[in-house]
Amino acid sequence: MPIVVSLLRGINVGGHNKIRMADLRDLYIALGMRNPRTILQSGNVVFACEEGKLARAKGRIEAGIQEHFGLDVQVILRSSAEFRAVIDKRPFSDLQLEEPRKAAIVFLTAVVDGTAVEQLRENNPGREAIVGADRELFVYYTDGMARSKLDNKRMERALGVGTTMRNWNTCQRILKLLDEFDS
Numbered sequence: 188m189p190i191v192v193s194l195l196r197g198i199n200v201g202g203h204n205k206i207r208m209a210d211l212r213d214l215y216i217a218l219g220m221r222n223p224r225t226i227l228q229s230g231n232v233v234f235a236c237e238e239g240k241l242a243r244a245k246g247r248i249e250a251g252i253q254e255h256f257g258l259d260v261q262v263i264l265r266s267s268a269e270f271r272a273v274i275d276k277r278p279f280s281d282l283q284l285e286e287p288r289k290a291a292i293v294f295l296t297a298v299v300d301g302t303a304v305e306q307l308r309e310n311n312p313g314r315e316a317i318v319g320a321d322r323e324l325f326v327y328y329t330d331g332m333a334r335s336k337l338d339n340k341r342m343e344r345a346l347g348v349g350t351t352m353r354n355w356n357t358c359q360r361i362l363k364l365l366d367e368f369d370s
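Counting from 188, one number per residue, gives the positions in the sequence shown under the working numbering.
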């Protein structure tokens with residue numbers, strides 16, 4: 188049975204779009220997802236899903252969140268193998284990863300072409316290092332995320348696709364949970 192990483196955009200950020208993780212797990216169970224486990228309070232869910240239900244999972248989760256919590260939340264899914272491949276192809280140096288809160292992976296709803304990523308880089312007012320690969324961007328926030336103007340909204344406008352971002356620490360926690368599912 189496939190293991191899936193579900194990343195919700197904008198949950199419990201700055202006091203907005205509040206969802207208790209216990210309630211989110213209950214929703215996933217009601218939607219037929221197996222053994223949902225959450226990480227942190229920001230909408231990271233790892234679960235097992237029957238192969239036949241996987242293709243419709245994103246839409247069902249988004250509709251369930253709208254119905255049960257009244258929130259229009261974007262959900263981005265990656266299989267365990269896809270998530271692991273993203274972690275493996277990271278362009279961050281060991282030195283950069285010594286400050287893991289500055290290193291982020293931006294998960295995209297679709298593949299974007301290199302031209303859009305290049306334009307994002309050129310029009311970015313900050314000093315962030317931006318590398319695009321498939322359905323992800325890797326961003327190193329040289330001056331930290333708090334001071335940066337490079338947020339999800341700016342990236343979505345520039346790329347024309349939905350985004351959600353996780354820092355390196357969070358990605359490592361998700362990876363650890365995937366390891367627990369696999370063992």
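Glycine included, C-beta positions come from ideal geometry on N, C-alpha and C.
Quantities reported herein were computed from a predicted structural model and do not represent experimental measurements.
Opposing strand residues paired with residue i [DSSP bridges]
i	result
S193	V232, L264
R221	A235
H184	Residue 184 lies beyond the stretch modelled for the chain, which goes from 188 to 370, so this question has no answer here.
L324	V293, G319
Environment of residue i [buried if 16+ CB atoms lie within 10 Å]
i	result
T230	A small fix is needed here, since residue 230 is Gly in this sequence, not Thr. So G230 counts as buried.
S335	buried
P223	buried
K276	exposed
A242	exposed
I248	buried
S280	exposed
E323	buried
M188	exposed
A250	exposed
C-alpha gap between residue i and residue j, whole angstroms
i	j	result
V192	R341	24 Å
I190	E286	29 Å
M220	G197	21 Å
R360	I226	7 Å
E269	P312	31 Å
V348	I274	21 Å
A333	H203	17 Å
V298	D321	5 Å
F256	V318	35 Å
D213	E309	44 Å
L337	A217	36 Å
C358	I252	23 Å
A272	R265	10 Å
Helix, strand or coil at residue i [DSSP, three-state]
i	result
T329	coil
I226	strand
L282	coil
Cβ-heavy atom distance, residue i to the ligand SAH, below 7 Å
i	result
I226	In the structure shown, the ligand SAH is absent, as is every other ligand, since no ligand is present at all.
If you scan the stretch 284 to 322 from start to end, which runs of the beta strand (DSSP E) of 3 or more residues do you find wholly inside it? Listed in chain order, the complete beta strand (DSSP E) runs (minimum 3 residues) inside the stretch 284 to 322 are 290 to 295, 316 to 320.
Which complete beta strand (DSSP E) runs does the stretch 333 to 369 hold, if anything under 3 residues is left out? For the stretch 333 to 369, whole beta strand (DSSP E) runs of length 3 or above, ordered along the chain, are 350 to 354.
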